[in-house]
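Chains as they are written, first to last, in the working numbering: chain A, 896 to 1066; chain B, 896 to 1066. Backbone N, C-alpha and C define an ideal beta-carbon position, used for all residues, glycine too.
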């Protein structure tokens, strides 16, 4: 399995799924006659990030994963979004950024030595960066965003979480 | 990157982390003078699985991932756990089961055609099964277990979620 396949496609798909959950959040808010942006300040614990920050973090984990594995400098996003519409723009920007990477960009990515400020004097191999740090972190924020919406009553299920799955006809 | 590396080690580590969260849940319950097993029925939404089922599902996703990618029959677990101690036994059994797999078991796993009852007449390649279905599903249940504990006041942070990270000294 290539690092490109383990990284780009799953991250892109989950960002797409996340935007679909926001569609359902807006529908829910319309039905309840509330401002949908109210949901962005909801959180599951007082010392955990609210929904807006979970989505921003999902975007950041996605862009840093692709950038660091390929030695590129990711675009900056200053976390100023305050509405669902602004978050949609951020989600699409990162989805598009992920789409600029090629399989060739990921050559050697598994054994690339990556330095991070919080691993002073140490490095992490690209494959460990992906498997131990970035995928868990990315799914953490995406799942927490989903759970905040579920907890607030938005009509979401496992199919919404997973999105479309690549299958092939038998025989 | 090998399928073995993308599968076995991250799954084992997260199951280990999950058991550490249960240690913190027990410490929290002692401090609050409540039965720690009370937490097992907590959930984030009335139509979502409670904690006990999130942990059982994490175990199932982990064992099925390794088994289906390698064409083996996984051990059966009838979901009868009712206490944290019983869940620890399940978590360790699955951790141990994952430890029985070798790199050789995963040869050809990326392009293995996997049939699932809910993909009638279709199959999924091993790499897509891992990236699109199993890792998202596994992290979904693990993160939701974590969020249920956080939501109930258990003292957990991102470091508890990620656990130890494999880094190497520079130079």
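Do residue 1045 (chain A) and residue 937 (chain B) have their C-beta atoms closer together than 8 Å?
no
For a cutoff of 8 Å on Cβ pairs, would you count residue 1017 (chain A) as touching chain B?
yes
So which of A:1060, A:911, A:962, A:946 has the shortest CA-CA distance to residue 1026 (chain B)?
A:1060
Nearest to residue 949 (chain A) (by Cα), restricted to the options A:971, A:969, A:970, A:1041
A:1041
Where residue 1056 (chain A) falls: helix, strand or coil (DSSP):
helix
Pair within 8 Å by beta-carbon distance, residue 990 (chain A) and residue 1038 (chain A):
no
Extent of the continuous alpha helix (DSSP H) to which residue 1042 (chain B) belongs
1030 to 1046
Just verifying my parser: in three-state terms, what is the DSSP assignment at residue 998 (chain A)?
coil
Are there three or more Cβ pairs, one per stretch, closer than 8 Å when the stretch 989 to 1009 of chain B is compared with the stretch 916 to 936 of chain B?
no
Cα-Cα separation, residue 898 (chain A) to residue 964 (chain A)
9 Å
For residue 1020 (chain B), which three-state DSSP category applies?
strand
Could you list which residues in chain A have their beta carbon closer than 7 Å to that of residue 951 (chain B), in chain order?
Near residue 951 (chain B) there are no residues of chain A at all, since even the closest Cβ is about 15 Å away, more than 7 Å.
Leaving aside the five residues before and after residue 985 (chain B) along the sequence, list all residues of the same chain whose C-beta is less than 8 Å from its C-beta, in chain order.
950, 951, 954, 972, 976
Grab me the residues of residue 1018 (chain A)'s own chain with a C-beta within less than 7 Å of its C-beta, minus the 5 sequence neighbours each way, in chain order.
Correct list, in chain order: 1008, 1009, 1010.
Beta-carbon separation of residue 919 (chain A) and residue 1050 (chain A) under 8 Å?
yes
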